Structures are given as structure tokens and as C-alpha cells.
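Right, one structure below, let's go through it.
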Amino acid sequence: MLAQLDNMHIDDLPYLERDITFPQKVSLLFLLFGDQHAQATYLLQKLLALTRAPHTEQQNTDLLRQFASVKASHEWRGHIIEALCLINARQVLRKLGFRWEELRLHYLPHVQELTLHIHPLLKAMYIICEQLTLAQTGRLVLNINEKLAQQQEHHQHEPLRFYDSAYLEIFLLDWLTRHHVRLGDINAMGSDVQLLIEYFKMNDMQAQATLLVETVNSNAVTGAERKCETDTSNATPHKVEAVPRQRHENSYQISRQNAGILLIVNQQRFHANVSEELQPLLPRKPLSAREGTDVDKRRLSEVFSALGYQVESFDNLDHLDMLEHIRNVCARSTLRDSLVVCILSHGFMGAVYGSDSVPVAITDIKNVLCADESLNDKPKLLIIQACQENEKQNLTVGSNALKNIITNNKIIFCIFQRQVNVTTDSPSNLANMVVAMSTVPGFVALRHNIQGSWFVQTLCDEIEQHAASAHVLDLLTIVIGQISQKRGDKNQIMLPHLNSTLKQSVYLPSI
Numbered sequence: 001m002l003a004q005l006d007n008m009h010i011d012d013l014p015y016l017e018r019d020i021t022f023p024q025k026v027s028l029l030f031l032l033f034g035d036q037h038a039q040a041t042y043l044l045q046k047l048l049a050l051t052r053a054p055h056t057e058q059q060n061t062d063l064l065r066q067f068a069s070v071k072a073s074h075e076w077r078g079h080i081i082e083a084l085c086l087i088n089a090r091q092v093l094r095k096l097g098f099r100w101e102e103l104r105l106h107y108l109p110h111v112q113e114l115t116l117h118i119h120p121l122l123k124a125m126y127i128i129c130e131q132l133t134l135a136q137t138g139r140l141v142l143n144i145n146e147k148l149a150q151q152q153e154h155h156q157h158e159p160l161r162f163y164d165s166a167y168l169e170i171f172l173l174d175w176l177t178r179h180h181v182r183l184g185d186i187n188a189m190g191s192d193v194q195l196l197i198e199y200f201k202m203n204d205m206q207a208q209a210t211l212l213v214e215t216v217n218s219n220a221v222t223g224a225e226r227k228c229e230t231d232t233s234n235a236t237p238h239k240v241e242a243v244p245r246q247r248h249e250n251s252y253q254i255s256r257q258n259a260g261i262l263l264i265v266n267q268q269r270f271h272a273n274v275s276e277e278l279q280p281l282l283p284r285k286p287l288s289a290r291e292g293t294d295v296d297k298r299r300l301s302e303v304f305s306a307l308g309y310q311v312e313s314f315d316n317l318d319h320l321d322m323l324e325h326i327r328n329v330c331a332r333s334t335l336r337d338s339l340v341v342c343i344l345s346h347g348f349m350g351a352v353y354g355s356d357s358v359p360v361a362i363t364d365i366k367n368v369l370c371a372d373e374s375l376n377d378k379p380k381l382l383i384i385q386a387c388q389e390n391e392k393q394n395l396t397v398g399s400n401a402l403k404n405i406i407t408n409n410k411i412i413f414c415i416f417q418r419q420v421n422v423t424t425d426s427p428s429n430l431a432n433m434v435v436a437m438s439t440v441p442g443f444v445a446l447r448h449n450i451q452g453s454w455f456v457q458t459l460c461d462e463i464e465q466h467a468a469s470a471h472v473l474d475l476l477t478i479v480i481g482q483i484s485q486k487r488g489d490k491n492q493i494m495l496p497h498l499n500s501t502l503k504q505s506v507y508l509p510s511i
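Start counting the sequence shown at 1; every next residue gets the next number (UniProt numbering).
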């Protein structure tokens with residue numbers, strides 16, 4: 001095989017291009033140029049022109065020689081042969097003197113997540129292009145382009161003037177060159193394919209979502225192992241960010257570049273305009289406005305943004321919207337290092353209120369966070385600023401978004417129309433979860449109308465001071481100790497509560 005590689009000459013490449021069909025050519029060039037931004041932009045324009053050109057012009061191109069001219073002589077051959085293996089161009093490979101069985105064992109085109117020269121995410125995307133029907137491709141392109149148009153509503157955004165969904169690779173090139181999708185390095189570090197993963201998950205295309213997730217995860221592990229070997233052989237230290245002098249061997253470092261999403265649900269104002277079947281769930285007294293909660297929201301946004309988190313904040317969500325926003329952010333967190341959800345609301349023991357004054361069980365919120373198996377090994381932090389007094393007269397919406405009917409002082413639960421799936425399959429799904437409550441069960445949580453809540457403000461202070469040296473549970477223990485020493489103007493006392501199923505010591509990025 002090495003002899004055949006050495007015999008390949010750059011001047012033979014135009015003839016090679018003539019031996020493949022135009023759809024094969026689009027796939028081949030996507031695999032070769034997709035990870036080179038400047039050349040990918042040129043290729044995109046060239047392919048758009050070729051789709052409108054006569055057949056003879058489509059065949060008589062010289063793009064492979066252009067690819068080879070910017071690569072070292074020992075590199076371009078392997079890239080091109082691997083790409084030809086992936087698109088199954090066996091006739092062309094036979095003409096070049098290669099034996100398919102040798103190539104298959106060497107380049108492993110049948111192993112979806114692994115490559116030798118081609119970027120692994122380009123291989124995964126090509127496989128997806130081959131898997132989807134024309135109708136599925138059309139819906140994918142339409143949905144994502146509509147979503148991107150909405151996001152770019154206030155910016156100049158010239159849409160792609162191309163409508164043939166048979167060439168999904170052309171649309172992928174467009175999204176790559178506009179940085180809506182990012183490949184990262186050859187080990188997929190720094191990649192961002194959430195746009196695609198989110199679409200596949202929301203449209204019951206689990207195989208495609210899993211392929212992208214596993215491609216990133218498997219290659220990231222390989223890259224980390226290589227980096228470790230390189231670092232240990234390099235005697236010159238370099239500081240990336242402040243770290244503690246000693247750490248547990250079994251620890252998990254959240255990176256600033258891929259920290260994750262912080263979802264803030266900020267319930268400030270409440271109403272009781274709910275349907276008749278939900279009215280028995282309302283509190284006996286109207287819920288007051290939570291003055292000072294915006295101070296907490298701003299502080300959380302500032303601190304977690306400094307850690308590298310993407311902050312998403314929503315005000316005054318009803319009980320079902322709250323769960324749906326949490327599920328949505330879970331679906332977009334499969335490739336992130338962690339997920340943080342913070343709920344600022346009124347509550348009572350075991351529950352928090354939606355803005356419609358309908359309570360939601362904290363257990364159900366935890367189950368939503370833990371329902372996605374791809375998040376099982378990622379740390380999930382649920383922060384709740386809400387009172388936890390014992391309110392025996394209140395009822396909570398259960399795991400099927402239940403309504404209740406009160407008859408002869410007996411509570412009968414029936415399934416409400418808008419179901420929210422919040423079940424978990426096994427206890428292992430609840431691993432790597434931290435629930436940080438502003439108060440222990442049975443007591444109120446203190447909040448200042450101007451300065452914000454004791455719990456959130458102290459938590460943010462301690463993260464700023466100790467994120468570089470203390471793991472998450474130590475940080476929260478410090479918060480509990482600090483708040484236990486506080487006294488209100490009427491000698492009020494508060495004690496936060498912590499529950500954890502973390503399997504490792506988890507460290508936040510330093511500020």
C-alpha cells in the first residue's frame with residue numbers, strides 16, 4: 001500500500017476527479033476542505049457555481065490538485081485516499097493500484113467515530129448525509145436555516161441562495177464557514193455541533209445525535225491522553241489557570257472554554273390566573289413580589305460568565321414552562337463539561353412555585369436534569385433560592401404534570417393534559433448531581449429587598465475567592481459556614497442545605 005501511495009503524483013489528480021460522479025465529488029471535497037476555513041469558503045462558492053454548470057464542467061475540475069498544493073507531499077496522499085475510502089470510490093482506488101481489503105483495515109471507514117487524517121466530525125457529518133432521506137435532509141436544512149435567521153434578525157445575514165437539499169454537504173459547509181458549527185482541533189477539542197445535536201434530539205433522530213456526541217467524546221479522550229503524554233515529557237511548566245497545590249487523583253476539572261450553560265429561572269412576580277382544575281393547587285394566600293431577586297440574577301450572571309458559562313436567564317415562567325426550559329437546556333448540554341440550573345422563587349418544603357403560583361416538586365426538577373443518559377457522567381448543579389417551610393395544605397405537581405380534584409377531603413390525582421416526562425430509569429441516572437438549597441427543610445430563606453439573598457450573594461462571593469483552590473462541595477461547605485454566622489436585623493438565622501451524588505471532586509474554572 002505504501003508503494004501505491006508513493007506512486008501517486010499531483011498531476012494525476014485531475015484525471016482522478018473525472019472518474020467520480022459529481023455527488024461523490026461534493027462529498028470528497030467536503031471531507032478534504034471542511035476543516036480549512038479559508039479554502040472551505042472558496043470551495044463553497046465553487047461548488048455553488050458547479051451545481052448550476054453543465055455536466056462536462058462539473059466533471060472537468062481541478063480542485064484536488066489545489067488541495068494537494070497546500071499540503072506537504074507526505075500528507076495529501078493519505079488524506080485523499082482516506083476520503084476516497086469513506087465515499088466508497090472502489091473503482092477509482094483499484095485504478096490507483098490499491099486493494100480494498102488492505103485499505104479497509106488501514107483506514108477503518110466502517111468505524112464511525114475514528115479517522116486517520118480526515119477530521120472525525122467531518123466523517124460523522126458525511127455519514128449522517130448518507131443516512132438521511134431527501135425529505136429528512138430538507139426538513140433539517142429548513143429548520144436550521146429558519147433558526148439561524150431568527151438569531152441573526154438584528155445583524156446583517158445574507159442567506160445561502162441554494163435550495164437543493166440533495167447536497168447536504170454544501171449546507172454544512174455554509175454553517176461551518178459562518179461558524180454556526182465548529183469542528184475544533186483534530187481531536188474535536190473546542191468543537192461546537194450543538195446546533196445539529198439539538199435538532200436531531202428534538203426530532204427523534206437519536207442515532208445521528210449519538211454519533212456526533214460519541215465522535216466528540218471518543219476523540220476528546222484520545223486527545224487528552226496524547227496531551228498528557230506530551231505534558232509529562234516537557235520539563236518547562238506553563239500556567240494555564242490557578243489550581244490548588246494538591247488535588248484528589250479522581251477529580252473532574254470544568255474547562256473555561258467548554259464550561260456549559262447556566263440557566264436562571266427568576267420568578268419575581270406571581271399571578272393566579274390558572275384553569276379551574278389547577279386552582280386547588282394554588283397557595284391559600286397570594287404570593288408577594290420577590291423584591292431584590294434581580295440583584296441575585298445579575299450577580300449570578302456576572303460570576304458564572306466570568307467562569308466561562310453561557311448564561312441564559314428567564315423571568316416569570318409558569319410551572320410547565322419551567323420544566324420545559326430545563327429539559328431544553330439538558331438537550332443542549334451533552335457536549336458541555338457541566339450544567340448549572342438556578343431557580344429563584346417562593347417555595348415550601350420540597351417544592352418551588354412557578355409564576356402562575358402552581359408548585360413544582362423539586363424531585364421532578366432533579367429527575368428532568370437526570371433523565372438524559374448522555375449527562376450521567378457530567379456534573380449537574382441545581383441551586384435553589386426559595387423558602388422550604390412546612391406547608392401541609394399545599395400540593396405539588398407530580399411527575400406527570402398532575403391536576404387534583406378534592407372530594408370529601410380526599411385528594412385524588414389525575415393525569416393533566418400537558419404531560420411532562422420527568423421519570424428516571426434507575427438510581428444510577430441520579431449520579432453526579434448537586435442540590436444546593438438556600439435553607440434546610442422546614443424553614444424560610446432570607447432575602448434583602450435591595451442587596452439580594454444571603455445565599456446567592458454569599459455563594460457568588462465564595463466562588464470568586466475560592467474557585468481556583470476548592471472543589472464544588474468544599475465551596476458549598478464554606479458557604480454554609482459563612483451563612484450560619486450571619487444574623488438579621490431581628491436576629492434571624494439561616495442554614496443552607498446540601499445534597500450530593502458526585503462521584504468525583506469537581507473543580508470550577510478559576511476567575
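Virtual Cβ for every residue (Gly too), placed ideally from N, Cα, C. Bear in mind that the values here come from a model prediction, so they are computed numbers and not experimental data.
In whole angstroms, what is the alpha-carbon distance linking residue i and residue j?
| i | j | result |
| --- | --- | --- |
| phenylalanine 30 | alanine 351 | 51 Å |
| aspartate 321 | proline 283 | 19 Å |
| leucine 278 | proline 286 | 15 Å |
| valine 444 | serine 313 | 24 Å |
| leucine 148 | lysine 486 | 48 Å |
| glutamine 123 | asparagine 266 | According to the sequence shown, residue 123 is lysine rather than glutamine. Between lysine 123 and asparagine 266, the C-alpha separation is close to 42 Å. |
| histidine 271 | serine 345 | 13 Å |
| serine 374 | threonine 334 | 6 Å |
| glutamine 39 | leucine 176 | 12 Å |
| proline 280 | phenylalanine 162 | 55 Å |
| isoleucine 493 | alanine 386 | 15 Å |
| isoleucine 383 | valine 216 | 29 Å |
| isoleucine 343 | glutamate 130 | 42 Å |
| alanine 3 | threonine 115 | 21 Å |
| leucine 307 | methionine 8 | 50 Å |
| glutamine 465 | aspartate 489 | 26 Å |
| proline 109 | isoleucine 127 | 10 Å |
| leucine 47 | asparagine 219 | 30 Å |
| alanine 431 | proline 379 | 8 Å |
| glutamine 257 | methionine 125 | 23 Å |
| glutamine 253 | proline 509 | 7 Å |
| asparagine 390 | glycine 292 | 24 Å |
| residue 512 | aspartate 337 | Within the shown structure, residues of the chain are numbered from 1 to 511, placing residue 512 beyond reach of any answer. |
| residue 512 | methionine 349 | Any question about residue 512 goes unanswered here, given that the chain covers just 1 to 511. |
| threonine 210 | serine 288 | 45 Å |
| glycine 398 | isoleucine 197 | Legend: pLDDT at glycine 398 = 46, less than 50; position of this residue unreliable, no value from coordinates given. |
| isoleucine 405 | isoleucine 483 | With a pLDDT of 33 at isoleucine 405, under the threshold of 50, the modelled position of that residue is not reliable, and no figure is offered here. |
| methionine 301 | isoleucine 264 | According to the sequence shown, residue 301 is serine rather than methionine. Near 8 Å, if we compare the C-alpha coordinates of isoleucine 264 and serine 301. |
Figure out for me which residue from the options has the closest Cα to the Cα of residue i.
| i | options | result |
| --- | --- | --- |
| aspartate 6 | His271, Ile81 and Cys460 | Ile81 |
| asparagine 250 | Asp318, Val506 and Ile511 | Val506 |
| proline 120 | Gln136, Ala83, Glu146 and Gly97 | Ala83 |
| valine 329 | Val303, Arg90, Val368 and Ile511 | Val368 |
| phenylalanine 200 | Val213, Thr61 and Asn88 | Val213 |
Per the DSSP calculation, residue i is bridged to which residue(s)?
| i | result |
| --- | --- |
| isoleucine 264 | Ser313 and Cys342 |
| serine 251 | Ser505 |
| leucine 382 | Val341 and Val435 |
| glycine 347 | Val352 |
| arginine 447 | Ser453 |
Taking the beta carbon of residue i as the centre, do at least 16 other beta carbons fall within 10 Å, making it buried, or is it exposed?
| i | result |
| --- | --- |
| glutamate 113 | buried |
| aspartate 356 | buried |
| tryptophan 100 | exposed |
| glutamate 17 | buried |
| aspartate 372 | buried |
| arginine 290 | buried |
| glutamine 457 | buried |
| tyrosine 167 | buried |
| methionine 433 | buried |
| serine 69 | exposed |
| histidine 471 | buried |
State the start and end residues of the unbroken beta strand (DSSP E) segment that holds residue i.
| i | result |
| --- | --- |
| methionine 437 | 433-437 |
| valine 352 | 351-353 |
| alanine 361 | 359-361 |
| asparagine 499 | 497-500 |
For the alpha helix (DSSP H) that contains residue i, what are its first and last residues?
| i | result |
| --- | --- |
| isoleucine 127 | 120-131 |
| isoleucine 87 | Segment: none, isoleucine 87 is in no alpha helix (DSSP H) and carries neither H nor E. |
| glutamine 457 | 454-466 |
| lysine 25 | 22-33 |
| histidine 179 | That residue, histidine 179, is in no alpha helix (DSSP H); it is neither H nor E in DSSP. |
| leucine 105 | 100-107 |
| alanine 166 | Careful: alanine 166 lies outside any alpha helix (DSSP H) and carries neither H nor E. |
| phenylalanine 200 | 194-202 |
| glycine 481 | 472-484 |
If you measure from the CB of residue i, is any heavy atom of the ligand SAH nearer than 7 Å?
| i | result |
| --- | --- |
| arginine 90 | Of ligands this structure carries none, so the ligand SAH is not represented either. |
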